[in-house]
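Participant:
There are 2 protein chains.
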Amino acid sequence: MRKKSKYNVAVVGVGAVGVEMLRALRQRQFPVRDLKVLARSARAIEVDGASYQVEVTAPEAFEGIDIALFAGTEGEKGAAVTYAAEAVKRGALVIDNGADFRLEPDVPLVVPEVNPKDAKRALKGRGIIANPNCSTIQMVVALAPVHRLFKIKKVVVATYQAASGAGSKAAQELFDQTRSVLDGRAAVPQALDQRIAFNLFPHIGGFGEAAYTSEEWKMVKETHKILHDPKIKISATSVRVPVKTGHGEAVYIECRRPVDIDAVRKAFTEAPGVVVIDDPASSRYPMPVDAEGRDEVFIGRIRKDPSDEKALWLWVVADNLRKGAATNAVQIAELFVKR
Amino acid sequence: MRKKSKYNVAVVGVGAVGVEMLRALRQRQFPVRDLKVLARSARAIEVDGASYQVEVTAPEAFEGIDIALFAGTEGEKGAAVTYAAEAVKRGALVIDNGADFRLEPDVPLVVPEVNPKDAKRALKGRGIIANPNCSTIQMVVALAPVHRLFKIKKVVVATYQAASGAGSKAAQELFDQTRSVLDGRAAVPQALDQRIAFNLFPHIGGFGEAAYTSEEWKMVKETHKILHDPKIKISATSVRVPVKTGHGEAVYIECRRPVDIDAVRKAFTEAPGVVVIDDPASSRYPMPVDAEGRDEVFIGRIRKDPSDEKALWLWVVADNLRKGAATNAVQIAELFVKR
Numbered sequence: 195m196r197k198k199s200k201y202n203v204a205v206v207g208v209g210a211v212g213v214e215m216l217r218a219l220r221q222r223q224f225p226v227r228d229l230k231v232l233a234r235s236a237r238a239i240e241v242d243g244a245s246y247q248v249e250v251t252a253p254e255a256f257e258g259i260d261i262a263l264f265a266g267t268e269g270e271k272g273a274a275v276t277y278a279a280e281a282v283k284r285g286a287l288v289i290d291n292g293a294d295f296r297l298e299p300d301v302p303l304v305v306p307e308v309n310p311k312d313a314k315r316a317l318k319g320r321g322i323i324a325n326p327n328c329s330t331i332q333m334v335v336a337l338a339p340v341h342r343l344f345k346i347k348k349v350v351v352a353t354y355q356a357a358s359g360a361g362s363k364a365a366q367e368l369f370d371q372t373r374s375v376l377d378g379r380a381a382v383p384q385a386l387d388q389r390i391a392f393n394l395f396p397h398i399g400g401f402g403e404a405a406y407t408s409e410e411w412k413m414v415k416e417t418h419k420i421l422h423d424p425k426i427k428i429s430a431t432s433v434r435v436p437v438k439t440g441h442g443e444a445v446y447i448e449c450r451r452p453v454d455i456d457a458v459r460k461a462f463t464e465a466p467g468v469v470v471i472d473d474p475a476s477s478r479y480p481m482p483v484d485a486e487g488r489d490e491v492f493i494g495r496i497r498k499d500p501s502d503e504k505a506l507w508l509w510v511v512a513d514n515l516r517k518g519a520a521t522n523a524v525q526i527a528e529l530f531v532k533r
Numbered sequence: 195m196r197k198k199s200k201y202n203v204a205v206v207g208v209g210a211v212g213v214e215m216l217r218a219l220r221q222r223q224f225p226v227r228d229l230k231v232l233a234r235s236a237r238a239i240e241v242d243g244a245s246y247q248v249e250v251t252a253p254e255a256f257e258g259i260d261i262a263l264f265a266g267t268e269g270e271k272g273a274a275v276t277y278a279a280e281a282v283k284r285g286a287l288v289i290d291n292g293a294d295f296r297l298e299p300d301v302p303l304v305v306p307e308v309n310p311k312d313a314k315r316a317l318k319g320r321g322i323i324a325n326p327n328c329s330t331i332q333m334v335v336a337l338a339p340v341h342r343l344f345k346i347k348k349v350v351v352a353t354y355q356a357a358s359g360a361g362s363k364a365a366q367e368l369f370d371q372t373r374s375v376l377d378g379r380a381a382v383p384q385a386l387d388q389r390i391a392f393n394l395f396p397h398i399g400g401f402g403e404a405a406y407t408s409e410e411w412k413m414v415k416e417t418h419k420i421l422h423d424p425k426i427k428i429s430a431t432s433v434r435v436p437v438k439t440g441h442g443e444a445v446y447i448e449c450r451r452p453v454d455i456d457a458v459r460k461a462f463t464e465a466p467g468v469v470v471i472d473d474p475a476s477s478r479y480p481m482p483v484d485a486e487g488r489d490e491v492f493i494g495r496i497r498k499d500p501s502d503e504k505a506l507w508l509w510v511v512a513d514n515l516r517k518g519a520a521t522n523a524v525q526i527a528e529l530f531v532k533r
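Residue numbers (our numbering), protein chains in the order written: chain A, 195 to 533; chain B, 195 to 533.
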């Protein structure tokens, strides 16, 4: 992609992630010349007081586009399956938040704080860069400094995933259903698999190989690809919780070498995109309501396992729509713009 | 304690757990002759349509009592610290749900499905039996069959703990605060450490040694005592979630021998007090809303770690006020009554 002072950008999809992409482009002052917003149907939308005219996605819509950000969809094939190649053919760099291309060998899977160099490979390959899954992104940002210091052998992670990870309808369902329950009415799940009001359930995505969900496998396979180390043993339990936005993760890490927890803490303090919130005496640790609307990954409860000198725990929280999706995608685009 | 056809029972405390003790005694048809309800202040209360006259706790109140169930309190010393010895002196067997005596060597810590024989030691010792912490109880019920089969080496657990675990005020706060947030008003934490409406936080109990919370240490030390095996490495992250009642636990277990997952499943099917709900294809797994009001421990998501033949995951849910507190205490009393 040629260096320019400003770029023609397309955002494909205006669901929870697409809207955050529009926000992230504006808030991060991405050098946009023309912005095109594409979706299945034409309409006008408003985001934070700004109006956008949504056009229907079509191959020709990518004419003249430099960077196409695909928001992806939950649980079905994203628009990138149909349109990514069309956009690339017309000269666009595609950054896809959907799951369709993430594990393909000629598509880099990128978290800019972790493996920025991989992004450049897209220009020689398919022209597509994949954005990892929300729960993977925040975890690898936390794992990378630990892996560099003490070589990670095993990761055991339990997630606390917000409703908005399943789309804006699911986020609305959390609120509407909660009000129903408070008013003594029935809780009827529609966008989510189960009742979410004052409830939680270990089911995100579909059930697959070895009785793990697709969400749990994403955390394994995407992390292997991003860290370039398929030997790390990773195992996850993913749980949907009654929070609107902001995923939490209890991450237990076994290293190959004894852990110096002060060195870990120092590494996080210096790591780009990481904010350490870890002052238990003052009841300070990351929480979803504090992470919402923020671009960073928040890490706290940093502590060694008293029964294993090579193991530690981290509590990792990030806004699943921003760092977990839109922000990361825009950051990938920034890799091609800056310097 | 002499065998009788009916027993004089005292329940001390009428908070969330005390009320469930009254319920459990009635629902389980415990052979009660006279029931005395004690608390800090005298008053009349109603539980499920039945009226109880609450008397003020005092040493003499235990005169003639055969079994005294202390409900315990959150975050402060329980009434058992003051009155357990007085009750024992007057001939009562004390079963204490509080945390004060749990780790004392001459006080058995009992989960009837796991270590019922330990209960008998109370009669030769202090006359006190301690009820474990809610999050410990449901975990050890799940661990015990696995430990018998494949010898557990390490347990890594992340909890999803309901508001009612912090008492009835905290449960009410969840509802009131959630309504406030839905109505656009502020969320002001009072009974809990942080905002609980649509939020969660890794802070249960106080912070102590090695930056672990008291709740996290309870899961380590109580499990060691109940399973009679302090060599098992146990490490926990405890998280409060916006659920009223019903704790969830993502439990990762490393064994000394390779795991036969069908044998684990069979053992759970046969284990007393366990209900297996594990049919992912039909979206069936344990959830807090289904466990509420039930006496059993619900286990699902039973699966091996594909990257480690000696490791498995369990998803464990139980009603923290019932099996996690009141039911377990009444079951301990039943050990002395039955057969």
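All C-beta atoms in this analysis are idealised placements derived from N, C-alpha and C, irrespective of residue type, glycine included.
Between residue 432 of chain B and residue 231 of chain A, what straight-line distance do the alpha-carbon atoms span, to the nearest angstrom?
Facilitator: Taking the first residue of the second sequence as 1, we reach residue 432 of chain B at position 238. Taking the first residue of the first sequence as 1, we reach residue 231 of chain A at position 37. Their Cα atoms are separated by approximately 43 Å.
Participant: Figure out for me which residue from B:195, B:201, B:219 and B:197 has the closest Cα to the Cα of residue 517 of chain B.
Facilitator: Within the second sequence, residue 517 of chain B is the residue found at index 323, counting from 1. The option with the nearest alpha carbon to residue 517 of chain B is B:219.
Participant: I believe residue 413 of chain A touches residue 329 of chain A by the beta-carbon criterion, under 8 Å. Please report the beta-carbon distance rounded to the nearest angstrom.
Facilitator: Taking the first residue of the first sequence as position 1, residue 413 of chain A is located at position 219. Taking the first residue of the first sequence as position 1, residue 329 of chain A is located at position 135. That belief holds up - the Cβ atoms of residue 413 of chain A and residue 329 of chain A are roughly 6 Å apart, short of 8 Å.
Participant: Residues of chain B with CB under 7 Å from residue 374 of chain A, in chain order?
Facilitator: Residue mapping note: residue 374 of chain A aligns to position 180 of the first sequence, counting from 1. From the beta-carbon of residue 374 of chain A, no residue of chain B is found nearer than 7 Å; the closest lies around 11 Å away.
Participant: Quick check: is the beta carbon of residue 428 of chain A nearer than 8 Å to any beta carbon in chain B?
Facilitator: If you number the first sequence from 1, residue 428 of chain A lands on position 234. Residue 428 of chain A counts as touching chain B.
Participant: What are the partner residues of residue 281 of chain B, as DSSP defines its beta bridges?
Facilitator: For the purposes of this step, residue 281 of chain B is taken as residue 87 along the second sequence, with counting starting at 1. Bridge partners of residue 281 of chain B: none, in fact.
Participant: Name the residues in the stretch 386-398 of chain A whose C-beta lies less than 9 Å from a C-beta of chain B; which are they?
Facilitator: 387, 388, 389, 391, 392, 393, 394, 395, 396 and 397
Participant: Can a CB atom of chain B be found closer than 8 Å to the CB of residue 438 of chain A?
Facilitator: As a working note, residue 438 of chain A is residue 244 in the first sequence. Yes, because at least one Cβ of chain B sits closer than 8 Å to the Cβ of residue 438 of chain A.
Participant: Beta-carbon separation of residue 479 of chain A and residue 509 of chain A under 8 Å?
Facilitator: The residue you call residue 479 of chain A lines up with position 285 of the first sequence. The residue you call residue 509 of chain A lines up with position 315 of the first sequence. Yes, they are a contact pair.
Participant: What does a CB cutoff of less than 8 Å around residue 403 of chain B pick up in its chain, not counting 5 residues either side in sequence?
Facilitator: If you number the second sequence from 1, residue 403 of chain B lands on position 209. Around residue 403 of chain B: 411.
Participant: Per the contact definition of three or more C-beta pairs closer than 8 Å, is the stretch 517-526 of chain A in contact with the stretch 324-338 of chain A?
Facilitator: With the rule of 3 Cβ pairs closer than 8 Å, the stretch 324-338 of chain A counts as touching the stretch 517-526 of chain A.
Participant: Quick check for students: name the residue ranges of the beta strand (DSSP E) that lie wholly in the stretch 213-241 of chain A, counting only runs of 3 or more.
Facilitator: 226-233 and 237-241
Participant: With H, G and I counted as helix, E and B as strand and the rest as coil, what does DSSP make of residue 422 of chain A?
Facilitator: Within the first sequence, residue 422 of chain A is the residue found at index 228, counting from 1. Residue 422 of chain A falls in the coil class under three-state DSSP.
Participant: Any idea what DSSP makes of residue 271 of chain A, helix, strand or coil?
Facilitator: As a first step, residue 271 of chain A must be located in the first sequence, where it is residue number 77. When DSSP states are grouped into helix, strand and coil, residue 271 of chain A belongs to the coil group.
Participant: Let me know the secondary structure DSSP gives residue 252 of chain B once reduced to three states.
Facilitator: If you number the second sequence from 1, residue 252 of chain B lands on position 58. Here residue 252 of chain B sits in coil by DSSP.
Participant: Can the beta-carbon of residue 358 of chain A be found less than 8 Å from the beta-carbon of residue 364 of chain A?
Facilitator: Counting from one through the first sequence, the residue named residue 358 of chain A turns up at place 164. Counting from one through the first sequence, the residue named residue 364 of chain A turns up at place 170. Cβ atoms of residue 358 of chain A and residue 364 of chain A: closer than 8 Å.
Participant: If you draw a straight line from the alpha carbon of residue 277 of chain A to that of residue 360 of chain A, how long is it in whole angstroms?
Facilitator: Along the first sequence, one-based indexing puts residue 277 of chain A at 83. Along the first sequence, one-based indexing puts residue 360 of chain A at 166. Distance between the alpha carbons of residue 277 of chain A and residue 360 of chain A is about 23 Å.
Participant: Within 8 Å of any Cβ in chain B, is that where the Cβ of residue 284 of chain A sits?
Facilitator: Here residue 284 of chain A is taken as the residue at index 90 of the first sequence, counted from 1. Against chain B, the CB of residue 284 of chain A has no partner CB under 8 Å away; the residue lies outside that interface.
Participant: Short check: CB of residue 398 of chain B to CB of residue 355 of chain B, under 8 Å?
Facilitator: Here residue 398 of chain B corresponds to residue number 204 of the second sequence, with the count starting at 1. Here residue 355 of chain B corresponds to residue number 161 of the second sequence, with the count starting at 1. Yes, they are a contact pair.
Participant: So with CB distances below 7 Å, who are the chain A contacts of residue 502 of chain B?
Facilitator: Your numbering for residue 502 of chain B matches position 308 in the second sequence. Going along chain A in sequence order, the residues near residue 502 of chain B (Cβ under 7 Å) are 427.
Participant: Any idea what DSSP makes of residue 528 of chain B, helix, strand or coil?
Facilitator: Along the second sequence, one-based indexing puts residue 528 of chain B at 334. Three-state result, residue 528 of chain B: helix.
Participant: Exposed or buried, residue 306 of chain A, counting other C-beta atoms within 10 Å across all chains shown (16 or more means buried)?
Facilitator: Along the first sequence, read from residue 1 onward, the residue named residue 306 of chain A stands at position 112. It is buried - the Cβ of residue 306 of chain A has at least 16 other Cβ atoms within 10 Å.
Participant: In terms of residues, what are the limits of the beta strand (DSSP E) holding residue 386 of chain A?
Facilitator: Stepping through the first sequence from its first residue, residue 386 of chain A is reached at position 192. Note, residue 386 of chain A: premise wrong, no beta strand (DSSP E); not H, not E.
Participant: For the 8 Å Cβ check, are there 3 or more pairs between the stretch 310-326 of chain B and the stretch 491-503 of chain B?
Facilitator: no
Participant: Just to confirm, are residue 437 of chain B and residue 393 of chain A a CB contact at a threshold of 8 Å?
Facilitator: Within the second sequence, residue 437 of chain B is the residue found at index 243, counting from 1. Within the first sequence, residue 393 of chain A is the residue found at index 199, counting from 1. Cβ atoms of residue 437 of chain B and residue 393 of chain A: closer than 8 Å.
Participant: Considering just the uninterrupted stretch of the alpha helix (DSSP H) at residue 429 of chain B, what are its terminal residues?
Facilitator: The residue you call residue 429 of chain B lines up with position 235 of the second sequence. Note, residue 429 of chain B: premise wrong, no alpha helix (DSSP H); beta strand (DSSP E) at 427-431.
Participant: Return the residues of the stretch 404-418 of chain B that lie within a Cβ-Cβ distance of less than 7 Å from chain A, sorted by chain order.
Facilitator: 404, 405 and 406
Participant: Applying the criterion that 16 or more other CB atoms from any shown protein chain within 10 Å of the CB defines a buried residue, is residue 553 of chain B buried or exposed?
Facilitator: Only positions 195 to 533 of chain B appear in the structure, and residue 553 of chain B is not among them; the question remains open.
Participant: Could you check how far apart the C-beta atoms of residue 485 of chain B and residue 513 of chain B are, in whole angstroms? I think they sit under 8 Å.
Facilitator: Taking the first residue of the second sequence as 1, we reach residue 485 of chain B at position 291. Taking the first residue of the second sequence as 1, we reach residue 513 of chain B at position 319. Rounded, the Cβ-Cβ distance is 5 Å, consistent with contact.
Participant: Give the DSSP-derived three-state secondary structure of residue 198 of chain A in the structure shown.
Facilitator: For the purposes of this step, residue 198 of chain A is taken as the residue at position 4 of the first sequence. Reduced to three states, the DSSP call for residue 198 of chain A is coil.
Participant: What do you get for residue 429 of chain B, buried or exposed, if any count of 16 or more other CB atoms within 10 angstroms of its CB means buried?
Facilitator: Against the second sequence, residue 429 of chain B aligns to sequence position 235. The residue is buried, with at least 16 neighbouring Cβ atoms inside 10 Å.
Participant: Could you confirm whether any beta carbon from chain A is found closer than 8 Å to the beta carbon of residue 423 of chain B?
Facilitator: Taking the second sequence and counting its residues from 1, the one referred to as residue 423 of chain B is at position 229. Chain A contact via Cβ: absent.
Participant: Assuming residue 421 of chain B contacts residue 334 of chain B under a Cβ cut-off of 8 Å, what Cβ separation, rounded to an integer in Å, is found between them?
Facilitator: By 1-based counting over the second sequence, the position of residue 421 of chain B is 227. By 1-based counting over the second sequence, the position of residue 334 of chain B is 140. That pair is a contact at about 6 Å.
Participant: Report the residues of the stretch 464-488 of chain B with a CB closer than 9 Å to any CB of chain A, ordered along the chain.
Facilitator: 472, 474, 475, 477, 479, 480, 481, 482, 483 and 484
Participant: Skipping 5 residues on each side, what residues in its chain have a beta carbon closer than 6 Å to that of residue 195 of chain B?
Facilitator: For the purposes of this step, residue 195 of chain B is taken as residue 1 along the second sequence, with counting starting at 1. Once the five neighbours on either side are set aside, the close Cβ partners of residue 195 of chain B are 287 and 530.
Participant: Check whether chain B comes within 8 Å of residue 277 of chain A, counting only Cβ atoms and requiring the distance to be less than that.
Facilitator: Translated into positions along the first sequence, residue 277 of chain A becomes position 83. Answer no: the Cβ-Cβ gap between residue 277 of chain A and chain B never drops below 8 Å.
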